[in-house]
Amino acid sequence: MSGPHVTRRGFLSGVGLGIAGVVVAACSSQPATPTQAPAAAQPTTAAAPTAAPAATTAPAVAQPTTAAAAQATTAPAGQGVPSGGQTVSGSLVWLVRADVVENNGQEKIYMPMLQQQYPQLKVDRVVVPQNVPGNYNAKILTLAAAKQGLDLWGFGQNYMDFWARNMPQNLNSYISADKWDIANYFLPGLSDIYKIHGNHYGLPQDTCYGSPGVYNKDMFDKAGLPAPAVDYNDTSWTMEKMLGYAQKLASNVGTPDATFGVDIGLQQQTDLSFLWGDTSWMPEHYTNFIAPKSNFNNPANVAGHQFIHDMMYKQKVHPDPSALQGLNALGDAFHTGKVGMTFNGGWIYWTMRNITSFKLGYIALPYAKTDKAVNYDDQWIMARWSNNKDGVWAVMRTLCSVEGATRYSQLSGSPPTPREATAPWLKQVSNFTGQSVDDLDKVTSGAIVAKRTQESPDHLFIQWPKISTTYTNKISELWNDPNATADKVIPDVAAALDTVIAQIYSQFNGQLPTD
216 MSGPHVTRRG FLSGVGLGIA GVVVAACSSQ PATPTQAPAA AQPTTAAAPT AAPAATTAPA
276 VAQPTTAAAA QATTAPAGQG VPSGGQTVSG SLVWLVRADV VENNGQEKIY MPMLQQQYPQ
336 LKVDRVVVPQ NVPGNYNAKI LTLAAAKQGL DLWGFGQNYM DFWARNMPQN LNSYISADKW
396 DIANYFLPGL SDIYKIHGNH YGLPQDTCYG SPGVYNKDMF DKAGLPAPAV DYNDTSWTME
456 KMLGYAQKLA SNVGTPDATF GVDIGLQQQT DLSFLWGDTS WMPEHYTNFI APKSNFNNPA
516 NVAGHQFIHD MMYKQKVHPD PSALQGLNAL GDAFHTGKVG MTFNGGWIYW TMRNITSFKL
576 GYIALPYAKT DKAVNYDDQW IMARWSNNKD GVWAVMRTLC SVEGATRYSQ LSGSPPTPRE
636 ATAPWLKQVS NFTGQSVDDL DKVTSGAIVA KRTQESPDHL FIQWPKISTT YTNKISELWN
696 DPNATADKVI PDVAAALDTV IAQIYSQFNG QLPTD
């Protein structure tokens, strides 16, 4: 899920408690404002955490047929909830982060469901403020060190770092006992994201459907431009074609009335290499979650970064860091109506749903040499040290139920993970944008076929925040200087990254868990 502020995974990406400890109580569902982008986990020092886990590249995710999506408006109640739940009792602590929509969904959907299904179970929902970046992750680690006050958590974290610390409970016995076919229950591939050495350490919480785009229909109509492509198989939708559109949309750049054609908010340290035909990282990073070095200094990375730099300072269709800061000071760059297109993580499906001042639509990521990009899939995790694991499992099943996921996705706009909850969500997005369910199916399912998707390093690479922070600090030399060139800056960025990556590798090599 998302955090309370937009996390740009590119050139601007850069501990109190609130306790809602209650026996879950019933209340009604109400609409809420959309959540924002996933908050990155903060740098941590992990305890020594050995063998090479299985690769976690996100497989293709199939979508329901257009007919099914158009017809479905509700989901069968209780699917995914284990039988015999009325006997679950005791208490547990569910840690969540402070977020308007997430907390609203918890209070108005999930907590009442838990009260109804498990009246003898006391769920203490602890809400962690995010006024300081990293508060939530820091609280998780603090409670994990004490092995108390934490039974269940999720939300956009560095999941392999948790595994390296032996924090998550192996869920295999629970899945087997329920005879639950999670591979076919959840969207294809999602149940394998947090599967290591054959062991499941989480249940799919949400998916972002890759790194799509959204466009301002009003700006396109005014410029006399056709709608961008929604079909990832449309190879005419290239970066060059997108640039041509952006040039016709941009105006008055350098003045307070400036409009920009495009804002590329991707995870640039990873996506630009992918898009231009290579990878920034070594294969071991995706199989072992550590590697001795990067592959950052490659021609594809140079070409991708230079393309963005040229759009800022040569074609002047993309906001530079200063202009973007000004736009974001008004709330969010795309929300201002001054940006024609933006490409980012799939949280744009819910962060844009409160826009009423102009019409918008969702579009495919343009093709450079490939159209591959990262995907973001979050997990629910049971604490290994929990004293009420049966209670935690019951809550996890409810959180992942078709009924709960459907109701939450319709409240928040966040894509659900159970297959049977997908069609109602697509229909709701269709009603908002005016796009057909068939077109939206192409945008969503097309983004995450195997050749186009890779689970994000911020979920997979151990101590990713150290890597990401190093990139952000060093790449500013390129983004902030109109005269800089990628071929001069990228080697220095790569050298800095390799130093940090080698340190992480030295710390963890031979020390990772074997289960």
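Residue numbers (my numbering): 216 to 730. Glycine residues also receive a C-beta, built at the ideal position from the N, C-alpha and C atoms.
C-beta atoms of residue i and residue j nearer than 9 angstroms
i	j	result
residue 605	residue 303	yes
residue 416	residue 373	no
residue 584	residue 492	yes
residue 638	residue 446	no
residue 365	residue 440	no
residue 477	residue 558	yes
residue 627	residue 565	yes
residue 421	residue 592	yes
residue 652	residue 645	yes
residue 378	residue 409	yes
residue 515	residue 588	no
residue 361	residue 380	no
residue 504	residue 677	yes
residue 407	residue 490	no
residue 512	residue 494	no
residue 590	residue 325	no
residue 363	residue 686	no
Rounded straight-line distance, which links the Cα of residue j to that of residue i
i	j	result
residue 475	residue 510	32 angstroms
residue 263	residue 426	Residue confidence is low: residue 263 scores 33 on pLDDT, short of 50, so the model does not pin down where it sits. Its coordinate-derived value is still stated next. So the alpha carbons of these two residues sit roughly 33 angstroms apart.
residue 551	residue 468	15 angstroms
residue 339	residue 322	12 angstroms
residue 349	residue 501	24 angstroms
residue 669	residue 690	23 angstroms
residue 457	residue 442	11 angstroms
residue 272	residue 643	Summary for residue 272: the model assigns pLDDT 34, below 50, so the residue's position carries little reliability; its value from the coordinates is reported in the next sentence. Distance between the alpha carbons of residue 272 and residue 643 is about 29 angstroms.
residue 461	residue 555	7 angstroms
residue 715	residue 539	29 angstroms
residue 560	residue 724	31 angstroms
residue 621	residue 521	42 angstroms
residue 389	residue 611	11 angstroms
residue 536	residue 695	7 angstroms
residue 306	residue 600	14 angstroms
residue 648	residue 576	6 angstroms
residue 700	residue 534	17 angstroms
residue 320	residue 313	12 angstroms
residue 463	residue 698	24 angstroms
residue 450	residue 444	9 angstroms
residue 641	residue 707	44 angstroms
residue 730	residue 553	50 angstroms
residue 524	residue 487	12 angstroms
residue 470	residue 413	56 angstroms
residue 276	residue 431	No answer about residue 276 holds up, because its pLDDT of 32 lies below 50 and its placement is not dependable.
residue 354	residue 315	19 angstroms
residue 675	residue 727	14 angstroms
residue 569	residue 544	18 angstroms
residue 546	residue 391	47 angstroms
residue 623	residue 453	35 angstroms
residue 376	residue 722	13 angstroms
residue 631	residue 655	15 angstroms
residue 603	residue 480	41 angstroms
Selection from the options that minimises the alpha carbon distance to residue i
i	options	result
residue 681	717, 595, 642, 694	717
residue 507	720, 648, 674	720
residue 572	317, 633, 434	434
residue 703	567, 495, 449, 518	518
residue 711	391, 697, 683	683
residue 636	651, 650, 646, 619	619
residue 428	562, 623, 335	562
residue 574	410, 437, 369, 315	437
residue 419	448, 452, 368, 465	368
residue 496	353, 728, 603, 709	709
residue 688	650, 675, 705	705
residue 608	324, 336, 318	336
residue 370	629, 726, 658, 650	629
residue 582	667, 480, 713, 376	667
residue 542	499, 567, 472, 483	472
residue 482	671, 650, 631, 327	671
residue 317	625, 480, 357, 713	625
- Task: Count the C-beta pairs between the region 341-350 and the region 324-331 that are closer than 8 angstroms, then say yes if the count reaches three, no if not.
- Result: no
- Message: I want to know whether the region 596-610 touches the region 365-384 - three or more CB-CB distances under 8 angstroms.
- Response: yes
- Message: For the region 392-408 against the region 522-540, do three or more pairs of beta-carbon atoms, one drawn from each stretch, fall closer than 8 angstroms, so that the two count as touching?
- Response: no
- Item | Three CB pairs or more closer than 8 angstroms across the region 402-410 and the region 613-624 | no
- 3-residue-minimum beta strand (DSSP E) runs that sit fully inside the region 432-502, ordered along the chain: 475-479
- Message: Ignoring anything shorter than 4 residues, give me the alpha helix (DSSP H) runs that lie fully in the region 551-633, in order along the chain.
- Response: 563-566, 604-614, 617-627
- Message: Could you tell me which whole beta strand (DSSP E) segments of length 3 or greater appear in the region 362-435?
- Response: 418-422, 428-431
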